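Residue numbers (my numbering), protein chains in the order written: chain A, 606 to 1011; chain B, 4 to 518. For each residue, glycine too, the CB sits at the ideal point set by N, CA and C. Source: prediction; values computed, not measured. Scroll down for the structure; my scribbles are underneath it.
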């Protein structure tokens, strides 16, 4: 599979049909390239075909594919999180669950309301909903792929055993979704973590870099969350407006065919115009979704992952400081000094190891983020311009024709 | 134009006659009297009065113009006659028939065949344009809404400014203050005077209890400001439509409304007044009657038009609803874009990479400008498109009402005919019953009924003719209105896109500058 020629470019493209929403800037190389070459949407699950090309010796072949489902991606992600060795890295955020519920509901409602609209309207709306379904499908594929690419690009994570199993083992991984108890455990873990997170965040860091990062990330994460939800709402309104124009176009068409006066020409022309501008408006909303909303959503997840890293470092720092205190106490009492010394050393090493890698990770995070925003904002502006110019041309030509007619 | 009735005799004789018939007599009654009066110079109302008409042309216009006995329009009539010598001789005003009881429907139908009817309508149109002397040059503005009074008795006063060069008005520019109930009162008078004879009287803007209460209570927020603006605009459109109608323009109440500084308070417009309740009762009765009248439509034109208006009504309502949705969503989009802009600004603030931070702030600015753009577009959607559709939905209700009146007129006529028939049968029976005084009575009644039948028929033909003219005028107006508004609306859309392009073009280099 052709990787990107320049190392700075975006996520893995593949010869398949899915255009990628690129939210990360990755350094890919020939030793390990991963992509999702195909995907199948069944009733309530999606099956992804994960395709790997590698020159690494630990794989049996140079090129192979397996089929994976969403739960298996989650299993892989969680295995990274739970691995102490990776405490010092930003774990690439897990892809969100494929969610076709809203789309399915709309298709169902359309089916129920079939009797109340004309055949053309029904076909039109059905086509649109199907396009929406397809768009959601493509997005979920992209997000799962980005996750894998991030892992593959990471110098340490790409060597992970579980990752290799994930890529190569061509049987079902039998990763059952977490049962109720495990979900409850997770929930409590998160509660404890957030309470803890507050504690840990409160501890002033000696290191300026990390102190700055902490403040920055906390604020940034909240604001990205806000921006993400507001952009979603804005885009939804945009889609609703485009749908309205669709209905207006249909009614204008009926009016045009019924009318016996001069104005019928106007109605028909405007109906035709609105059909076209509506498609453009829908594309604008879709592109905004891809370039803006998805970008924000992704960095919401990434900034959370970065926060988690800081939390882990904070925890390690606390442990280190506690170990120091214990050592002092032990020395004072002259009891279990060796044990305390070993324990303190372990904590110290752990902390320093995390700090070192965390620093690099956070710097990389910033680089990735800036590059992704730049790419997406530029593309967003270019697409907005393209669509606005398209709209303008259609409108102007229609006005010209109509004015000429009167 | 109410140029229907058979022209009365030539010359002043006719006019004088008309003027003598003053107060209290309805329009038709007076004309009938004219026709039956033994005017020596009266030519026999011929079936094809082509020649007759041309000479009578001008005068017939005068007659039909003024139903107002007070003759405010003496001057107007003068002007009309001056201008109208070129009038089309083909202009037939209508079925001549009135005198003979043999119903002229037979005569009516062939003449109302499609070709003739079109010619008829066209020439009437030309007539309209010629006849008012000046071309239609009038502009009415409703402005300066001001709250008068306090509490629940408060109301909004509007300034009504009329600018015109038409000579039927006493001044070139008049300004008066009116309140909403004045407008309703005007409409109610015009409706009661003209609707039942077939004129499409533009409906007044609707009452709104919620809207007005907010204003009364003194709530000074965005929604009540919007309500007042919406109403002001609607009142302006209402007045313009009313004066565009050549007959309504000359109605004394309209003149009084536009010119006199004080207007008697129109109380009967209140919903719960005696008049209001009477209106509601009548409406219900009408609805019932409509269902029971089964009319023998001999004229395909009416059948076709009726169906056309039904279809138009349906589609316009649908379109109106969709456009209202669009307005709502665009407003929502504007609000959401503004909120996103703020959020993006905050994000830009916390971003620690300088260039990206600046770009995000720029994005926030762009989105803020775009939100204003959406708001303006929603405004255009509403005032240009949505309100036009709303107006036409209401206008078509008036059109349908006029068609209904025709049906009622027909029904009345038929009923009278049936009654006449019964009386005739009774009379023939009495012939053999040898009851002389009863016979005499019956014969008198028959005579009276014969007159009524004639009148009924005349009424029916008159209203049919009026409706044809009105519909043609209405369709012309409709086509003009829609064409103008559609183009204006599209131009507003063009402007929005041009602005969008400007904004994004300014942003692009900023985005590219992120390093």
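Handout entry: Through-space distance from residue 869 of chain A to residue 125 of chain B, alpha-carbon basis
Key = Caution is warranted here: a pLDDT of 43 is assigned to residue 125 of chain B, below 50, making its placement in the model unreliable, and no coordinate value can be reported.
Exercise for the section: Could you check what DSSP says for residue 148 of chain B in three-state terms: helix, strand or coil? Expected result: Three-state result, residue 148 of chain B: strand.
Practice task
Spell out whether any CB of chain B is found under 9 Å from the CB atom of residue 759 of chain A.
Solution key: With 9 Å as the cut-off, residue 759 of chain A does not count as an interface residue toward chain B.
Exercise for the section: Within its chain, find whatever has a CB closer than 7 Å to the CB of residue 726 of chain A; leave out the 5 residues flanking it on each side and keep chain order. Expected result: Residues of the same chain with a CB within less than 7 Å of the CB of residue 726 of chain A, apart from the 5 flanking positions on each side, are 855 in chain order.
Handout entry: Where residue 280 of chain B sits in the DSSP three-state scheme
Key = Residue 280 of chain B falls in the helix class under three-state DSSP.
Problem - C-beta neighbour in chain A for residue 299 of chain B, strict 9 Å - result: Judged by the 9 Å Cβ criterion, residue 299 of chain B is not in contact with chain A.
Problem - Beta-carbon proximity list for residue 449 of chain B, same chain, < 8 Å, skipping 5 on both sides - result: Setting aside the 5 residues that flank it on each side, residue 449 of chain B is surrounded in the same chain by 423, 426, 427 and 430, each with a C-beta closer than 8 Å to its C-beta; the list follows chain order.
Problem - Whole-angstrom C-beta distance between residue 744 of chain A and residue 899 of chain A, which should lie under 8 Å - result: With a Cβ gap of about 7 Å, residue 899 of chain A and residue 744 of chain A count as contacting.
Practice task
Answer yes or no: does any C-beta atom of chain A fall closer than 9 Å to that of residue 237 of chain B?
Solution key: Not one chain A Cβ lies under 9 Å of residue 237 of chain B.
Exercise for the section: Output, in chain order, the set of chain A residues within a Cβ distance shorter than 7 Å of residue 333 of chain B. Expected result: Result: 846.
Practice task
Quick one: residues in its chain with C-beta nearer than 7 Å to the C-beta of residue 322 of chain B, no 5 flanking neighbours on either side, listed in chain order?
Solution key: Here the set comprises 392.
Problem - Three-pair Cβ contact test at 8 Å for the segment 682-695 of chain A versus the segment 898-917 of chain A - result: Touching, per the Cβ criterion.
Problem - Contact list for the segment 496-510 of chain B against chain A, Cβ threshold 8 Å - result: Answer set for the segment 496-510 of chain B: 496, 497, 500, 501, 503, 504, 507, 508 and 510.
Problem - Proximal residues of chain B, C-beta to C-beta of residue 819 of chain A below 8 Å - result: Going along chain B, no residue has its Cβ under 8 Å from residue 819 of chain A, so there is no contact; the nearest lies around 12 Å.
Practice task
Let me know if residue 188 of chain B comes out buried or exposed under the rule of 16 or more other beta-carbons within 10 Å of its beta-carbon.
Solution key: With 16 or more neighbouring CB atoms inside 10 Å of its own CB, residue 188 of chain B falls in the buried class.
Practice task
Indicate the three-state DSSP secondary structure (helix, strand or coil) for residue 949 of chain A in the structure shown.
Solution key: In the structure shown, residue 949 of chain A sits in a helix (DSSP, three-state: H, G or I).
Exercise for the section: Decide yes or no for the touch test of the segment 857-872 of chain A against the segment 478-498 of chain B: beta carbon pairs closer than 8 Å, at least 3 of them. Expected result: At 8 Å Cβ cutoff, the stretches touch.
Handout entry: Boundaries of the beta strand (DSSP E) in which residue 160 of chain B is found, first to last residue
Key = According to the DSSP assignment, residue 160 of chain B belongs to the beta strand (DSSP E) that extends over 158-167.
Exercise for the section: Taking residue 990 of chain A and residue 336 of chain B to be in contact with their CB atoms under 8 Å, please state how far apart those CB atoms are, rounded to whole angstroms. Expected result: About 19 Å; that fails the 8 Å criterion.
Practice task
Would you please verify whether the beta carbon of residue 385 of chain B is less than 9 Å from any beta carbon of chain A?
Solution key: So no, residue 385 of chain B is outside the interface.
Practice task
Please confirm if residue 217 of chain B has its CB atom under 9 Å from at least one CB of chain A.
Solution key: So, not an interface residue.
Exercise for the section: Note down the Cα distance separating residue 492 of chain B from residue 168 of chain B, rounded to an integer number of angstroms. Expected result: Their backbone Cα atoms lie some 30 Å apart in a straight line.
Exercise for the section: In the DSSP assignment, find the alpha helix (DSSP H) that holds residue 248 of chain B and state where it starts and stops. Expected result: No residue range can be given for residue 248 of chain B, since it is assigned to no alpha helix (DSSP H) and is classified by DSSP as neither H nor E.
Exercise for the section: Please check if any C-beta of chain A sits within less than 9 Å of the C-beta of residue 396 of chain B. Expected result: It does not: the Cβ of residue 396 of chain B has no partner Cβ on chain A nearer than 9 Å.
Practice task
Using a Cβ-Cβ cut-off of less than 7 Å, list which residues of the segment 930-957 of chain A approach chain B; keep chain order.
Solution key: Within the segment 930-957 of chain A, no residue places its CB atom closer than 7 Å to a CB of chain B.
Exercise for the section: With 7 Å as the C-beta to C-beta threshold (strictly closer), list the residues of the segment 811-838 of chain A near chain B in chain order. Expected result: Residues 821, 824, 825, 828, 829, 831, 832, 835, 836 and 838.
Practice task
Tell me where the alpha helix (DSSP H) around residue 316 of chain B begins and ends.
Solution key: Where residue 316 of chain B is concerned, the enclosing alpha helix (DSSP H) stretches over 303-353.
Practice task
Answer with yes or no whether the minimum CB distance from residue 349 of chain B to chain A is below 9 Å.
Solution key: Chain A contact via Cβ: present.
Practice task
Compare the Cα-Cα distances from residue 305 of chain B to each of B/348, B/454, B/463 and B/261 and report the closest residue.
Solution key: If we check each option's Cα against that of residue 305 of chain B, B/463 comes out closest.
Handout entry: Under 8 Å from the C-beta of residue 987 of chain A: neighbouring residues of chain B
Key = Residues of chain B passing the Cβ test: 511.
Exercise for the section: Using a Cβ cut-off of 8 Å, pull out every chain A residue sitting near residue 329 of chain B, in sequence order please. Expected result: Neighbours of residue 329 of chain B on chain A, chain order: 846, 849, 850 and 853.
Practice task
Determine which residues of the segment 853-871 of chain A have a Cβ less than 8 Å from any Cβ of chain B, and write them out in chain order.
Solution key: Here the close residues are 853, 856, 857, 859, 860, 863, 864, 865, 866, 867, 868 and 871.
Exercise for the section: With 9 Å as the threshold, decide whether the Cβ of residue 841 of chain A is near any Cβ in chain B. Expected result: For residue 841 of chain A, the answer is yes, since a Cβ of chain B falls inside 9 Å of its Cβ.
Problem - Best match in A/741, A/767, A/787 and A/742 for proximity to residue 753 of chain A [C-alpha to C-alpha] - result: Minimum Cα distance to residue 753 of chain A is reached at A/767.
Problem - C-alpha gap between residue 706 of chain A and residue 733 of chain A, whole angstroms - result: Cα to Cα, the separation comes out at about 16 Å.
Exercise for the section: Spatial neighbours of residue 731 of chain A within its chain, please: CB distance less than 7 Å, with the 5 preceding and 5 following residues excluded, ordered by chain position. Expected result: Answer for residue 731 of chain A: 715, listed in chain order.
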